[in-house]
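*Asks:*
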Amino acid sequence: MWKNLRINYFRDFSSLSRRTYFSEAYKLNTEWEQRLSTPILQKINNENLFVDLNSKFQQKKKINAIDVDIYTNKADSKHIEEALDLVQKLRTTAQASKIFDSTQHAVIRLLLSNADLLISILNNRLDFGIIPDNYTINLVLDEYLKNKNYVIAARLATLQMLQEDFEHPVTRYMCLFACYKFLDELQTFPDLLPAPLSEETETTTPTPKSKKKPDEIKVRVAYLRNPYFDDHFDITNSNHLVGKTFLYLADEVKSVDEILANSLNLLGYALYEKFENGNKFLEKESKSNFYKEIVDRVKVFAEKTENIDEHGQKFYDNLNNIVSQKEANVSDLIEGHLKQAVIENESKDIEAQKKVFEDWIMTRQTRLDEELARMKRIQRLEEIEKIQEEMKKTEKKLWFFENYENIKLEIQSKKRFYPKTWWGKKSKPKKLDENYIPPDVESITRSRKAQ
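Numbering (UniProt numbering), first residue to last: 1 to 451.
1. Which class does Y173 belong to by DSSP, given the choice of helix, strand or coil?
2. Starting from K244, trace the alpha helix (DSSP H) both ways and give me its first and last residue.
3. Give the secondary structure of Q325 by DSSP, where H, G and I count as helix, E and B as strand, and everything else as coil.
4. Please tell me whether H240 and Y269 are closer than 8 Å, where the distance is taken between their beta carbons.
5. Using the rule of at least 16 other Cβ atoms within 10 Å of the residue's Cβ for burial, across every protein chain shown, is D67 buried or exposed?
6. With respect to 7 Å, is the separation between the Cβ of N54 and the closest non-hydrogen atom of the ligand NAD below this value?
7. If N321 sits next to P169, beta carbons under 8 Å apart, how far is it from one beta carbon to the other, in whole angstroms?
8. Are the Cβ atoms of L319 and V300 separated by less than 8 Å?
9. Quick one: what's N289 bridged to in DSSP?
10. Which runs of the alpha helix (DSSP H) spanning at least 4 residues fall entirely within the segment 53 to 125, listed in chain order?
11. In the segment 300 to 384, which residue ranges form an unbroken alpha helix (DSSP H) of at least 4 residues, counting only runs that do not cross its ends?
12. Using 8 Å as the cut-off, can you tell me whether the segment 341 to 356 makes contact with the segment 21 to 29, which would need three or more C-beta pairs spanning the two stretches below that distance?
13. Using 8 Å for Cβ pairs, my map puts L333 next to L267. What's the rounded Cβ distance?
14. Who are the Cβ neighbours of K311 in its own chain at under 7 Å, not counting the five residues just before and after it?
15. Give the range of the alpha helix (DSSP H) segment to which S263 is assigned.
16. For L141, collect the residues of the same chain with a Cβ closer than 8 Å to its Cβ; drop the 5 residues on either side in sequence, then sort them by chain order.
17. Quick one: residues in its chain with C-beta nearer than 6 Å to the C-beta of L117, no 5 flanking neighbours on either side, listed in chain order?
18. Could you name the residues of the same chain whose beta carbon sits closer than 8 Å to that of R125, not counting the 5 residues immediately before and after it, in chain order?
19. Can you tell me whether DSSP reads T20 as helix, strand or coil?
20. Which whole-angstrom value is the C-beta distance of N46 and A75, which I expect to be below 8 Å?
21. Measure the C-alpha to C-alpha separation of R374 and D69 and round it to an integer number of angstroms.
22. Buried or exposed: where does H337 fall if 16 or more other Cβ atoms within 10 Å of its Cβ makes it buried?
23. Output yes or no for whether 8 Å exceeds the beta carbon distance between Y71 and F50.
24. By Cβ distance below 7 Å, which residues in the same chain neighbour V242 in space, the five residues on each side in sequence not counted?
25. Excluding sequence positions up to five away, which residues of its chain have a Cβ less than 6 Å from the Cβ of R367?
26. Below 8 Å on the Cβ atoms is my contact criterion, and I expect A250 with E293 to pass it. Report the Cβ-Cβ distance as a whole number of Å.
27. With a threshold of 16 other CB atoms inside 10 Å of the CB of V323, please say whether the residue is buried or exposed.
28. So what does DSSP say about S427, is it helix, strand or coil?
29. Please state whether the Cβ-Cβ distance between L90 and A96 is less than 8 Å.
30. Given this structure, state the Cα-to-Cα distance separating I437 from K431, to the nearest angstrom.
31. Here's the rule I'm using: 16 or more other beta-carbon atoms within 10 Å means buried, otherwise exposed. How should Q160 be labelled?
32. Terminal residues of the continuous alpha helix (DSSP H) containing I437?
33. Does R232 pass the burial test, meaning 16 or more other C-beta atoms within 10 Å, or should it be called exposed?
34. Alpha carbon to alpha carbon, how far is I80 from I235?
35. Quick check on this structure: which residue in N237, Y223, A222 has the alpha carbon closest to the alpha carbon of F229?
36. Just to confirm before moving on: does the CB-CB distance between E31 and K354 stay below 8 Å?
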């Protein structure tokens, strides 16, 4: 008895230590599984469907969004590669813009346990076009924050920044919490170009240079692009991405916590290295309140950063002119805002998402009926065309003698007359010599005369 109590106690304690911000009801696993009970998905065999869709794409380079939606919603962990393959093929067709929201949700649910693959797919939006909605991004962030995987969570937050979508309060504070926790690790995001060289890589002994000139490799290109950097989607530096995310989030939280917003702006300009804009901000807000923890953290960045320009030096010098600094644990403060946002929005999100799941089932059935009706209409038109062709042939047979002259003219009109080819100027034939005697004959006649 005591043994069972002890086991249950430690089980409950471990579950509390890994408790998510949302309750278990937020995942809506039961409601999500109800899609499998619909007649459409019950009748589908995923192996046969994939073979049909793959062969259709190879023959006609076409694939339908409703077919991909049915496959991804029926797929399980065994069909991840096939599902991603179909989604990628869909992006190359005219149906790419018609991808279903339920398709994107199903793909993300499939990859929820594979963080590296999920980030790779979400980061490659050009080839896959998977963009999570507010509910889905909350579900994913909640999973990775529970596992303290702040690097992946911060990368998801930067993807939301690139979409400029922080409308949902829970998404806003989850992204903020993930980015702030990421600063404790300061690692490079996966699936990005390498960050600037660190001190270790710079101080390594260089490889000896050979006197031989390196071989020049020339590559033929259609045309050269002018270098362009949009300062948004082209950003690959992890610190810059997180810094710009802080700047976006500062505007979102200003109405709730102005001190936090000012501190986030300060942190954002330092990480993003927009020192000129940071100086303007400090000149305007130098007497405002800032959290001391963030000011000290920015000063640490100043000590670690090398090759700072004059704007950067001025920015870090202006940190000493900040008048008011408030003591607070910023991580706990952000987490408190997050928990409050969850309390206020969790039940609303659950009810709204239940309605969305029902709408997806109805939309799938409607679109499938429309597609079947379209295919039947095309098939019927093809049958009518065949009947018309057969009727024309029968009519020709029945009225052959009455239309004999017209048929002759028709045959005559189909004849092709080719122009005569010119082989050059003809040479005149040589004149024949009647007295000409071949050499052999001449030698024979001479020998006879000699005898």
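Glycine included, each C-beta is placed from N, C-alpha and C at the ideal position.
*Replies:* Taking the definition as stated:
1. The answer is helix: DSSP assigns Y173 an H, G or I state.
2. In the DSSP annotation of this structure, the continuous segment of the alpha helix (DSSP H) that includes K244 starts and ends at 238 to 253.
3. DSSP places Q325 in strand when its eight states are reduced to three.
4. In this structure, Y269 does not lie closer than 8 Å to H240 by Cβ.
5. Buried, by the Cβ-count rule.
6. The ligand NAD is not part of the structure shown, which contains no ligands of any sort.
7. Incorrect: roughly 34 Å between the Cβ atoms, too far for contact.
8. L319 is not a Cβ neighbour of V300, given a cutoff of 8 Å.
9. According to DSSP, which records beta bridges pairwise, N289 is partnered with S324.
10. Counting only runs of 4 or more, we get 65 to 74, 80 to 90, 101 to 110, 115 to 123.
11. With a minimum length of 4 residues, the continuous alpha helix (DSSP H) runs that stay inside the segment 300 to 384 are 310 to 318.
12. Yes, the segment 341 to 356 touches the segment 21 to 29.
13. About 14 Å separates the two Cβ atoms, so there is no contact after all.
14. Residue identity differs from the one stated: residue 311 is His in this sequence, not Lys. Taken in chain order, the residues that qualify are F275, E276, N279.
15. Here the alpha helix (DSSP H) through S263 covers 258 to 272.
16. If you ignore the 5 residues before and after L141, its C-beta comes within less than 8 Å of the C-beta of A153, L156, A157, T171, M174, C175, A178, all in its own chain and listed in chain order.
17. Closer than 6 Å at Cβ, skipping near neighbours: L111.
18. If we look at R125 and ignore the five residues flanking it on each side, its Cβ neighbours are I131.
19. Coil at T20, not helix or strand.
20. Their Cβ separation, rounded to whole angstroms, is 6 Å, which keeps N46 and A75 in contact under 8 Å.
21. For R374 and D69, the distance between alpha carbons rounds to 18 Å.
22. Within a 10 Å sphere around the beta-carbon of H337 sit 16 or more other beta-carbons, which makes this residue buried.
23. For the 8 Å CB-CB criterion, Y71 and F50 form a contact.
24. Taken in chain order, the residues that qualify are A154, T158, C179, F182, L271.
25. Excluding residues within five positions, the ones whose Cβ falls inside 6 Å are I66.
26. With a Cβ gap of about 16 Å, A250 and E293 do not count as contacting.
27. Exposed, since its Cβ has fewer than 16 Cβ neighbours within 10 Å.
28. Note: S427 maps to coil in three-state DSSP.
29. Contact: yes.
30. When rounded, the distance between both Cα atoms is 15 Å.
31. Counting Cβ neighbours within 10 Å, Q160 comes out buried, since at least 16 surround it.
32. Unbroken run through I437: none, as it is neither H nor E.
33. Strictly speaking, residue 232 in this sequence is His, with Arg absent from that position. Label assigned to H232: exposed.
34. If you take the alpha carbons of I80 and I235, they lie about 29 Å apart.
35. Cα-wise, what sits closest to F229 is N237.
36. Here E31 is near K354, since their CB atoms are less than 8 Å apart.
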